[in-house]
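For reference, the structure discussed in these notes is given below.
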Amino acid sequence: MDPAPSTHGFLTEPALSPEIQALFDSDIADHGYVMNLTRVWAQAPSAKVGLFALLADMAQLAGLTFRQRGVLVAATAGTIGDAYCSLAWGTRLASAAGDEVADAVLRGDDSALDAADLALARWARTVARDPNATTPADLEPLRAAGFDDRQIFAITVFVALRRAFSTVNDALGPAPDRQLRDDAPAAVDAAVSFGRTAADTPS
């Protein structure tokens, strides 16, 4: 009989090192616990640090607000069925824009979105789902919302990197932390009906 899967994913956690401890300490400072996905990225702490540094650079280059980052991540995660980032960023988006907006973005329903949020959400979904399907016309809503070409480039890199982050997490099996599901607004929890099931016990 196969052993029960770990909520930390499919890999054996490496021996603690100063770099791994720094990664864990960062999670504790930010969230109050070490996230299950961070134990996966402990295989190469510099990869997570470098990825998030580049994400921060792109968010700054694009001039993204916290709400706009939430729209992009929630739309990307919802499109590819990533429960982990959908719970985390759906909750953050709800705090910035309200439960109705977070629910709508996760479900792919644009009726609650203003023009700027709509442009960001649709671009994120297109990039996440089928980047080869884009046309020049797909950029016009972003331009109409005030984003120039350099910002559009940075937004696209941001979405692509978030999709890559989700892909690693989903493929290697860490369960969304119980705390994420417990802290999610009811609308966000209901919208995240896909992906891996949250852990039964807190991280």
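Every number in my numbering is 1458 more than the matching position in the sequence shown, counting from 1. All C-beta atoms, glycine included, are put in the ideal place defined by N, C-alpha and C. Just so you know, these numbers come straight off a predicted model, no measurement behind them.
Problem set entry | DSSP three-state assignment for G1467, whether helix, strand or coil | The residue labelled residue 1467 in the question sits at position 9 within the sequence shown. Three-state result, G1467: strand.
For this session: Consult DSSP for L1450 and reduce its assignment to one of helix, strand or coil.
Result: Since the first and last residues shown for the chain are 1459 and 1661, residue 1450 lies out of range.
Exercise. Grouping DSSP H, G and I as helix and E and B as strand, with all else coil, what is Y1491?
Worked result: Here residue 1491 is taken as the residue at index 33 of the sequence shown, counted from 1. In this structure, Y1491 counts as coil in the three-state DSSP scheme.
Exercise. Grouping DSSP H, G and I as helix and E and B as strand, with all else coil, what is Q1501?
Worked result: As a first step, residue 1501 is located in the sequence shown; it is residue number 43 there, counting from the start. Of the three classes helix, strand and coil, the one that applies to Q1501 here is coil, per DSSP.
For this session: Assign F1605 to one of three DSSP states: helix, strand, or coil.
Result: Against the sequence shown, residue 1605 aligns to sequence position 147. Here F1605 sits in coil by DSSP.
Exercise. With C-beta atoms as the reference, is Q1526 less than 9 Å away from D1596?
Worked result: For this step, residue 1526 is matched to residue 68 along the sequence shown. For this step, residue 1596 is matched to residue 138 along the sequence shown. Taking 9 Å as the Cβ cut-off, Q1526 and D1596 do not qualify as a contacting pair.
For this session: Please state whether DSSP places S1624 in a helix, a strand or coil.
Result: For the purposes of this step, residue 1624 is identified with residue 166 of the sequence shown, where counting begins at 1. Taken through DSSP and simplified to helix, strand or coil, S1624 comes out as helix.
Exercise. What residue range is occupied by the uninterrupted alpha helix (DSSP H) comprising S1544?
Worked result: The residue you call residue 1544 lines up with position 86 of the sequence shown. That run of the alpha helix (DSSP H) goes A1541 to A1555.
Exercise. What residue does the alpha helix (DSSP H) around L1597 start on, and which one ends it?
Worked result: The residue given as residue 1597 occupies position 139 in the sequence shown. Counting along the chain, L1597 falls outside any alpha helix (DSSP H), and DSSP gives it neither H nor E.
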